[in-house]
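In this note's numbering, the protein residues as written are 13 to 367. Cβ coordinates follow ideal geometry from the N, Cα and C atoms, glycine included. It should be emphasised that the depicted structure is a prediction, and the values quoted were computed from it without experimental measurement. Each remark here refers to the structure printed beneath this line.
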Ligand code: COI
């Protein structure tokens with residue numbers, strides 16, 4: 013069924029909560045805007061798309077997503093341009109990726125008319141919630157899950173696609189401390205590592221909990237087979253600067269194909285920086301550190317943006333990286349990316365859409 017913009021019904025809230033919130037100072041992911049988009053898929057077609065006041069959704073205890081994890085999601089952000097216009101960064105890339113994730117989880121694709129047009133309509137309606145203060149933005153969370161009321165294991169016949177959004181500050185307020193684990197794995201070849209599915213995140217929590225107990229922020233995952241090659245961090249992709257080359261793990265199918273990762277690599281290449289997407293072992297990183305050739309490590313993600321990595325613990329030893337003010341590549345790319353996303357500089361990639 014073809015859904016067009018005019019078929020999105022809108023029910024506005026009668027009581028905006030915006031005045032009750034300091035949208036420039038909210039903890040990450042705790043305060044939600046006035047509205048949400050809800051689309052329903054049933055028996056082979058998209059039935060209904062509506063924007064309604066943000067609120068709870070009815071749910072049966074037999075909801076299939078709760079039992080078998082047919083749930084995928086996205087993360088993107090809306091910014092305010094220098095003239096106050098709402099801007100979205102690469103929403104088409106999120107649309108493409110959610111459909112790739114959906115394919116892996118046997119879920120039907122979401123049409124552009126619902127994902128892109130619905131997203132734009134929703135953000136236009138809640139545009140006042142986009143923070144005005146630098147460092148705060150509107151984080152958008154599209155979520156797509158199975159809604160069959162059945163405990164039989166099979167791809168569901170019914171789904172909900174929902175978009176909610178929340179004003180947020182920094183995901184990491186300080187440079188990040190990572191610990192390498194060989195006790196747990198995040199994803200194996202042939203698994204769901206490259207899909208943005210809920211199960212990947214749930215499966216990482218115990219390792220992260222143990223990392224936090226030891227004083228680290230997150231785990232740095234290694235490949236499942238050899239426990240040798242660096243994968244990602246769970247909350248973000250990672251890159252290392254060794255001898256002035258930006259090196260990041262290649263997309264092997266076990267890590268998330270990050271949109272921030274792709275944007276960073278594109279910008280670096282166009283700036284003439286040498287970039288390598290390849291297998292990179294933790295031993296190579298440790299050796300570069302020993303020889304004084306590891307000048308930076310950083311994470312790349314929508315929530316995390318560019319997160320400087322201060323420490324990497326490997327086999328019980330901390331590699332302490334240079335302070336941020338001595339770094340060259342990550343601070344520059346962070347600034348460049350923020351200037352593009354907020355419309356301070358024009359870009360020729362077609363990444364930014366004004367609403
Ligand atoms: C994002 O960066 O948008 C994510 O979904 C990561 C999540 C851990 C907040």
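Proximity to residue i [Cα-Cα], best of the options
| i | options | result |
| --- | --- | --- |
| residue 132 | 256, 206 and 154 | 154 |
| residue 174 | 158, 186, 168 and 163 | 158 |
| residue 106 | 127, 35, 92 and 98 | 127 |
| residue 56 | 119, 265, 176 and 331 | 119 |
| residue 252 | 198, 333, 316 and 27 | 333 |
| residue 162 | 183, 113 and 78 | 78 |
| residue 170 | 238, 176, 160 and 164 | 160 |
| residue 342 | 114, 63, 367 and 259 | 259 |
| residue 43 | 50, 49 and 34 | 34 |
| residue 305 | 314, 254 and 293 | 254 |
| residue 367 | 198, 138, 203 and 292 | 138 |
| residue 314 | 250, 168, 287 and 229 | 250 |
| residue 52 | 45, 61 and 141 | 61 |
| residue 63 | 151, 136, 71 and 122 | 136 |
| residue 284 | 307, 295 and 257 | 257 |
| residue 23 | 134, 352 and 121 | 134 |
| residue 316 | 362, 122 and 184 | 184 |
| residue 320 | 339, 302 and 144 | 339 |
| residue 130 | 40, 21 and 121 | 21 |
| residue 323 | 121, 83, 27 and 188 | 188 |
Rounded distance between the beta-carbons of residue j and residue i, thought under 8 Å
| i | j | result |
| --- | --- | --- |
| residue 289 | residue 262 | 4 Å |
| residue 103 | residue 148 | Not really, about 20 Å apart at Cβ, beyond 8 Å. |
| residue 25 | residue 73 | At roughly 29 Å, the Cβ-Cβ gap does not stay under 8 Å, so residue 25 and residue 73 are not in contact. |
| residue 86 | residue 109 | 7 Å |
| residue 233 | residue 246 | 7 Å |
| residue 90 | residue 142 | 5 Å |
| residue 318 | residue 345 | 6 Å |
| residue 176 | residue 48 | 5 Å |
| residue 92 | residue 354 | 7 Å |
| residue 151 | residue 41 | 7 Å |
First and last residue of the uninterrupted beta strand (DSSP E) at residue i
| i | result |
| --- | --- |
| residue 301 | It is not in any beta strand (DSSP E) - residue 301 instead sits in the alpha helix (DSSP H) that spans 294 to 302. |
| residue 278 | Segment 271 to 282 is the alpha helix (DSSP H) holding residue 278; no beta strand (DSSP E) there. |
| residue 290 | 286 to 290 |
| residue 320 | 317 to 326 |
| residue 334 | No beta strand (DSSP E) holds residue 334; DSSP gives it neither H nor E. |
| residue 268 | Run containing residue 268: none; DSSP gives neither H nor E here. |
| residue 152 | 149 to 158 |
| residue 230 | 230 to 232 |
| residue 175 | 170 to 180 |
| residue 54 | 47 to 54 |
| residue 197 | Careful: residue 197 lies outside any beta strand (DSSP E) and carries neither H nor E. |
| residue 131 | It is not in any beta strand (DSSP E) - residue 131 instead sits in the alpha helix (DSSP H) that spans 124 to 137. |
| residue 309 | 306 to 313 |
| residue 376 | The chain is shown from 13 up to 367; residue 376 falls before or after that span and cannot be answered. |
| residue 39 | That residue, residue 39, is in no beta strand (DSSP E); it is neither H nor E in DSSP. |
| residue 88 | 88 to 92 |
| residue 28 | Run containing residue 28: none; DSSP gives neither H nor E here. |
| residue 365 | 364 to 366 |
Continuous alpha helix (DSSP H) stretch holding residue i: start and end
| i | result |
| --- | --- |
| residue 68 | Premise fails: residue 68 is in no alpha helix (DSSP H) and is neither H nor E. |
| residue 115 | 103 to 116 |
| residue 76 | 76 to 80 |
| residue 343 | 341 to 353 |
| residue 183 | Segment: none, residue 183 is in no alpha helix (DSSP H) and carries neither H nor E. |
| residue 244 | Premise fails: residue 244 is in no alpha helix (DSSP H) and is neither H nor E. |
| residue 213 | 210 to 214 |
| residue 219 | 217 to 225 |
Any non-hydrogen atom of the ligand ZN closer than 7 Å to residue i Cβ
| i | result |
| --- | --- |
| residue 24 | With respect to the ligand ZN, the structure shown offers nothing to examine, as its ligands consist of the ligand COI. |
### Task
Pair every Cβ in the region 183 to 195 with every Cβ in the region 234 to 252, then say whether three or more of these pairs are closer than 8 Å.
yes
### Task
Please list, in chain order, all residues with a C-beta atom less than 5 Å from at least one heavy atom of the ligand COI.
87, 247, 313, 314 and 315
### Message
Using 8 Å as the cut-off, can you tell me whether the region 259 to 279 makes contact with the region 219 to 231, which would need three or more C-beta pairs spanning the two stretches below that distance?
### Response
no
### Task
For the region 272 to 279 and the region 208 to 218, state whether three or more C-beta atom pairs, one from each stretch, are separated by less than 8 Å.
no
### Task
Check whether the region 222 to 232 touches the region 81 to 99, counting contact only when three or more Cβ pairs, one atom from each stretch, lie closer than 8 Å.
Too few Cβ pairs lie closer than 8 Å, so no.
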